[in-house]
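Asks: The sequence shown begins at 11 in the numbering used here and counts up by one. Yeah, the Cβ is synthetic: ideal placement off N, Cα and C, and Gly gets one too.
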Amino acid sequence: MCPKIMVVDDEPDTIDLVKLILESEDIEVIGAKSGFECLESIEEEQPDAILLDIMMPDMNGWETFHKIKEKEPALPVAMLTVKSQEFDKMLGLHVLKADDYITKPFSRKELIQRTKELLEMKLQ
Numbered sequence: 011m012c013p014k015i016m017v018v019d020d021e022p023d024t025i026d027l028v029k030l031i032l033e034s035e036d037i038e039v040i041g042a043k044s045g046f047e048c049l050e051s052i053e054e055e056q057p058d059a060i061l062l063d064i065m066m067p068d069m070n071g072w073e074t075f076h077k078i079k080e081k082e083p084a085l086p087v088a089m090l091t092v093k094s095q096e097f098d099k100m101l102g103l104h105v106l107k108a109d110d111y112i113t114k115p116f117s118r119k120e121l122i123q124r125t126k127e128l129l130e131m132k133l134q
């Protein structure tokens, strides 16, 4: 059985790109276009990890992150965002305790490597 990642992003092109890259590595990718859609489908989909955009309408990535961690504290979540300032990374990793912080644009190699590391957290 291949691992499953949920990608949460309001940009369908980002979901499609991540899907194209990760499915070539035998990682199943499911998309959610909002924080609400993510939270509604976590229980049914049972992802092994989540890649989560920060800047989304209605419920931003940080709100979604906190709600995910309330329901599933052990589920690895990486922020996948254009917010690349050092302050944003420090906030995400050290204050809010995201498991990883991946900035867009990302390379194919980086996305694969960081996603595999995220999936390994689930196994620990």
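Just to confirm, are residue 64 and residue 91 a CB contact at a threshold of 7 Å?
Replies: Against the sequence shown, residue 64 aligns to sequence position 54. Against the sequence shown, residue 91 aligns to sequence position 81. A contact, by the Cβ cut-off of 7 Å.
Asks: What did DSSP end up calling residue 112 once you bin it into helix, strand or coil?
Replies: One-based indexing of the sequence shown puts residue 112 at position 102. Residue 112: strand per DSSP, three-state reduction.
Asks: Rounded to the nearest angstrom, what separates residue 110 and residue 89 at their Cα positions?
Replies: Taking the first residue of the sequence shown as 1, we reach residue 110 at position 100. Taking the first residue of the sequence shown as 1, we reach residue 89 at position 79. Straight-line Cα distance between these residues: approximately 6 Å.
Asks: Per the DSSP calculation, residue 27 is bridged to which residue(s)?
Replies: Position 17 of the sequence shown, counted from the start, is the residue given in the question as residue 27. Its beta-bridge partners do not exist; DSSP assigns none.
Asks: Could you check where the alpha helix (DSSP H) with residue 14 kicks off and where it finishes?
Replies: Taking the first residue of the sequence shown as 1, we reach residue 14 at position 4. From DSSP, residue 14 is part of no alpha helix (DSSP H) but of the beta strand (DSSP E) over 14–18.
Asks: What number of angstroms, rounded off, separates the C-alpha of residue 85 from the C-alpha of residue 119?
Replies: Within the sequence shown, residue 85 is the residue found at index 75, counting from 1. Within the sequence shown, residue 119 is the residue found at index 109, counting from 1. Rounded to the nearest angstrom, the two C-alpha atoms are 23 Å apart.
Asks: Is the beta carbon of residue 62 closer than 7 Å to that of residue 18?
Replies: Here the question's residue 18 lines up with position 8 in the sequence shown. Here the question's residue 62 lines up with position 52 in the sequence shown. Result yes, Cβ atoms of residue 18 and residue 62 sit closer than 7 Å.
Asks: Indicate the three-state DSSP secondary structure (helix, strand or coil) for residue 131 in the structure shown.
Replies: Your numbering for residue 131 matches position 121 in the sequence shown. Residue 131: helix per DSSP, three-state reduction.
Asks: With DSSP collapsed to three states, give me the class of residue 11.
Replies: The residue you call residue 11 lines up with position 1 of the sequence shown. Residue 11 falls in the coil class under three-state DSSP.
Asks: Quick check: what's the CA-CA separation for residue 40 versus residue 129?
Replies: Taking the first residue of the sequence shown as 1, we reach residue 40 at position 30. Taking the first residue of the sequence shown as 1, we reach residue 129 at position 119. The alpha-carbon atoms of residue 40 and residue 129 are separated by roughly 15 Å.
Asks: Would you kindly report the start and end of the unbroken beta strand (DSSP E) that includes residue 21?
Replies: Taking the first residue of the sequence shown as 1, we reach residue 21 at position 11. Segment: none, residue 21 is in no beta strand (DSSP E) and carries neither H nor E.
Asks: Name the DSSP beta bridge partners of residue 38, please?
Replies: As a working note, residue 38 is residue 28 in the sequence shown. Answer by DSSP bridge pairing, in chain order: 14.
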